[in-house]
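K.L.:
Can you read through this structure? Questions will come right after.
There are 2 protein chains.
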Amino acid sequence: MTRANEVRDGEVLLPHGIGATDDAGLVFVGRIRTPWARGDCPRNLRAARERIAAEGHPRPRIELDPRFALALTALQPGQPVMLLYWLDGARRDLVVQAPAHADGPRGTFALRSPVRPNPIGAATVIVTALDLAAATLEIDAIDCFDDTPLLDIKPWLETVDMPPARA
Amino acid sequence: MTRANEVRDGEVLLPHGIGATDDAGLVFVGRIRTPWARGDCPRNLRAARERIAAEGHPRPRIELDPRFALALTALQPGQPVMLLYWLDGARRDLVVQAPAHADGPRGTFALRSPVRPNPIGAATVIVTALDLAAATLEIDAIDCFDDTPLLDIKPWLETVDMPPARA
């Protein structure tokens, strides 16, 4: 994600960059406040949960744009939610990637790397506290950088968010 | 979603519309081809699975922009993936909504309604077939309209996409 324009062996770029990024427009509805900065960020959500427990960090917090405070109505502490957020600064032009941890090059759609045509992150977390008047939400953990723009909060539903028992 | 500018009892709109939708820009990476049209669309993913099985519809198909074909490299049939797609035409200005099926008004972030500030749909489905040369993917089911723009495909991961055992 910080690799600027470097290309590793086996990686494939889009021939002419990402192309139009105005097929649709996003609004940032808030920011995710976390203990993590570039260079000191857990590798994934599980690692974030472990570090928050082991190192005594405060729980991550979502600071909503106050215009969206009422959109929290009926959300409950203890409830699992899916967060969608914008991986600001991630490059968008790699179609095949060779991440350091993988055994070889893989397609972007077979990876959870932040590098993707639309750098939207998704994570399922637990709402641990919620303050409608302050337009804030506390969550159990997340692995993104401090100040990451938030796009959406969705109640997690087993019938939509888990693979079916049989396909 | 088809309710134009109607407002039901208990619903709350943003005071000045959605505001800037150019905080970030999206690129459509393909289209989702489904049997569903406006007015004849299953209510949710489970209902879509049931109708596809009961009514003998062909499985939904993803037609990728050919520039992104190689991004499928290393995806496997049988694998669960999360799809992110753009709910074209959904209104974006409701903060509190009163859906017909709910017992009362609820915040947008407590609902899976397509009406949201960033109308991004998320569904976990199974890849049933995949043709890299044709840049197409077949999936077990989905409940969106035919021709819905695709934003992303992510491998589904239990550690990221399921609520933790303990928060």
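So the sequences go chain by chain: Y and V. Letter 122 of the first sequence, counting from 1, is numbered 122 in my numbering, and no numbers are missing. Letter 85 of the second sequence, counting from 1, is numbered 252 in my numbering, and no numbers are missing. Ideal Cβ positions, reconstructed from N, Cα and C, are used throughout, including at glycine.
1. For the beta strand (DSSP E) containing Thr124 of chain Y, list its first residue and its last residue.
2. Could you tell me whether any Cβ in chain Y is nearer than 8 Å to the Cβ of Met168 of chain V?
3. Tell me where the beta strand (DSSP E) around Arg200 of chain V begins and ends.
4. In whole angstroms, what separates the C-alpha of Ile153 of chain Y from that of Leu83 of chain Y?
5. Between Val327 of chain V and chain Y, is there a C-beta pair that is closer than 8 Å?
6. Can you confirm whether Ala241 of chain V, when its beta carbon is compared against all beta carbons of chain Y, has any partner nearer than 8 Å?
7. Could you tell me whether any Cβ in chain Y is nearer than 8 Å to the Cβ of Ala366 of chain V?
8. Taking all protein chains shown into account, decide if Gln243 of chain V is buried (16 or more other Cβ within 10 angstroms of its Cβ) or exposed.
9. What does Gly107 of chain Y reach in chain V if we use C-beta pairs closer than 7 Å?
10. Please report the distance separating the alpha-carbon of Val327 of chain V from that of Cys41 of chain Y.
11. On the DSSP letters alone, give me the boundaries of the beta strand (DSSP E) that Arg61 of chain Y sits inside.
12. Taking DSSP's pairing of strands, which residues face Thr326 of chain V in a bridge?
13. Which same chain residues, not among the five before or five after Pro227 of chain V, have their C-beta less than 7 Å away from its C-beta?
14. Within this structure, are the beta carbons of Trp253 of chain V and Ala122 of chain Y separated by less than 8 Å?
15. Leaving out five residues on either side along the sequence, give the residues of the same chain with a beta carbon under 6 Å from the beta carbon of Gln246 of chain V.
16. Determine the extent of the alpha helix (DSSP H) in which Ala47 of chain Y is found, giving its start and end residues.
17. For His224 of chain V, which residues from the same chain have a beta carbon less than 8 Å from its beta carbon, with the 5 sequence-adjacent residues on both sides left out?
18. Tell me the rounded alpha-carbon separation between Leu132 of chain Y and Leu181 of chain V.
19. Please classify Leu94 of chain Y: does DSSP put it in a helix, a strand, or coil?
20. Kindly list, in the order they appear in chain V, the residues whose Cβ is closer than 9 Å to that of Asn44 of chain Y.
21. Is the CB of Ala140 of chain V under 8 Å away from at least one CB in chain Y?
22. Just to confirm my understanding: we take Pro155 of chain Y, look at its own chain, exclude 5 residues before and 5 after, and list those with CB closer than 7 Å. What are they?
23. Quick check: the Cα distance between Pro105 of chain Y and Leu137 of chain Y, rounded to an integer number of angstroms?
24. Who are the near neighbours of Pro99 of chain Y in its chain, counting only those whose CB is closer than 8 Å to its CB and skipping five residues on each side?
25. Is the Cβ of Lys154 of chain Y closer than 8 Å to any Cβ of chain V?
26. In the DSSP assignment, find the beta strand (DSSP E) that holds Ile139 of chain Y and state where it starts and stops.
27. Would a check of beta-carbon distances place Val27 of chain Y closer than 8 Å to chain V?
28. With a threshold of 7 Å, establish whether the CB of Thr128 of chain Y neighbours any heavy atom of the ligand ZN.
29. Cα separation between Thr240 of chain V and Ala90 of chain Y?
30. Check the DSSP bridge columns for Ile320 of chain V and list the partner residues they point to.
P.N.:
Result, derived from the coordinates:
1. For the purposes of this step, residue 124 of chain Y is taken as residue 124 along the first sequence, with counting starting at 1. First-last of the beta strand (DSSP E) with Thr124 of chain Y: 120-131.
2. In the second sequence, residue 168 of chain V corresponds to position 1, counting from 1. Because Met168 of chain V sits at a pLDDT of 47, beneath the cut-off of 50, its placement in the model cannot be relied upon, and the following sentence gives the value as read from the coordinates. No, Met168 of chain V lies away from the interface with chain Y (no Cβ there is under 8 Å from its Cβ).
3. Here residue 200 of chain V is taken as the residue at index 33 of the second sequence, counted from 1. Per DSSP, Arg200 of chain V belongs to the beta strand (DSSP E) from 197-200.
4. Taking the first residue of the first sequence as position 1, residue 153 of chain Y is located at position 153. Taking the first residue of the first sequence as position 1, residue 83 of chain Y is located at position 83. Roughly 5 Å separates the two Cα atoms.
5. Walking along the second sequence from the start, residue 327 of chain V turns up at place 160. Yes, its Cβ sits closer than 8 Å to a Cβ of chain Y.
6. Residue 241 of chain V sits at position 74 when you count from the first residue of the second sequence. So, interface residue.
7. Shown here, chain V extends from 168 to 334; a query on residue 366 of chain V therefore has no answer.
8. Mapped onto the second sequence, residue 243 of chain V falls at position 76. Under this definition Gln243 of chain V is an exposed residue.
9. Locating residue 107 of chain Y in the first sequence gives position 107, counting from the first residue. Here the neighbours are Leu237, Ala238, Leu239, Thr240, Ala241, Leu242.
10. Counted from its first residue, the second sequence places residue 327 of chain V at position 160. Counted from its first residue, the first sequence places residue 41 of chain Y at position 41. Looking at the two C-alpha atoms, the distance is approximately 16 Å.
11. Here residue 61 of chain Y is taken as the residue at index 61 of the first sequence, counted from 1. 61-64 is the extent of the beta strand (DSSP E) around Arg61 of chain Y.
12. Translated into positions along the second sequence, residue 326 of chain V becomes position 159. Beta-bridge pairing links Thr326 of chain V to no other residue.
13. Reading the second sequence from its first residue, position 60 is the one you call residue 227 of chain V. Around Pro227 of chain V: Ile199, Arg200, Thr201, Ile306, Ala308, Ile309.
14. Working through the second sequence from its first residue, we reach residue 253 of chain V at position 86. Working through the first sequence from its first residue, we reach residue 122 of chain Y at position 122. Contact: no.
15. Taking the first residue of the second sequence as position 1, residue 246 of chain V is located at position 79. Taken in chain order, the residues that qualify are Val294.
16. Working through the first sequence from its first residue, we reach residue 47 of chain Y at position 47. Element bounds for Ala47 of chain Y: 45-55.
17. Against the second sequence, residue 224 of chain V aligns to sequence position 57. Cβ neighbours of His224 of chain V beyond the five flanking positions: Pro202, Arg218.
18. Here the question's residue 132 of chain Y lines up with position 132 in the first sequence. Here the question's residue 181 of chain V lines up with position 14 in the second sequence. So the two alpha carbons sit approximately 16 Å from each other.
19. To locate residue 94 of chain Y, count along the first sequence from 1; it is residue 94. Reduced to three states, the DSSP call for Leu94 of chain Y is strand.
20. Counted from its first residue, the first sequence places residue 44 of chain Y at position 44. Correct list: Leu324, Thr326, Val327.
21. Absent from the model: residue 140 of chain V. The displayed extent of chain V is 168 to 334, so no value can be given.
22. Working through the first sequence from its first residue, we reach residue 155 of chain Y at position 155. Closer than 7 Å at the Cβ level, and outside the excluded window around Pro155 of chain Y, lie Gln79, Val81.
23. The sequence position of residue 105 of chain Y within the first sequence is 105, counting from 1. The sequence position of residue 137 of chain Y within the first sequence is 137, counting from 1. When rounded, the distance between both Cα atoms is 38 Å.
24. For the purposes of this step, residue 99 of chain Y is identified with residue 99 of the first sequence, where counting begins at 1. Result list for Pro99 of chain Y: Arg106, Leu111, Ser113, in chain order.
25. To locate residue 154 of chain Y, count along the first sequence from 1; it is residue 154. Judged by the 8 Å Cβ criterion, Lys154 of chain Y is in contact with chain V.
26. Position 139 of the first sequence, counting from 1, holds the residue named residue 139 of chain Y. 136-139 is the span of the beta strand (DSSP E), which, as asked, contains Ile139 of chain Y.
27. The residue labelled residue 27 of chain Y in the question sits at position 27 within the first sequence. Answer yes: the Cβ-Cβ gap between Val27 of chain Y and chain V drops below 8 Å somewhere.
28. For the structure depicted, the ligand ZN is absent and the ligand set is empty, with no information on it obtainable.
29. By one-based count along the second sequence, residue 240 of chain V stands at place 73. By one-based count along the first sequence, residue 90 of chain Y stands at place 90. Their backbone Cα atoms lie some 20 Å apart in a straight line.
30. In the second sequence, residue 320 of chain V corresponds to position 153, counting from 1. In the DSSP output, where bridge partners are listed per residue, Ile320 of chain V has V:Leu250.
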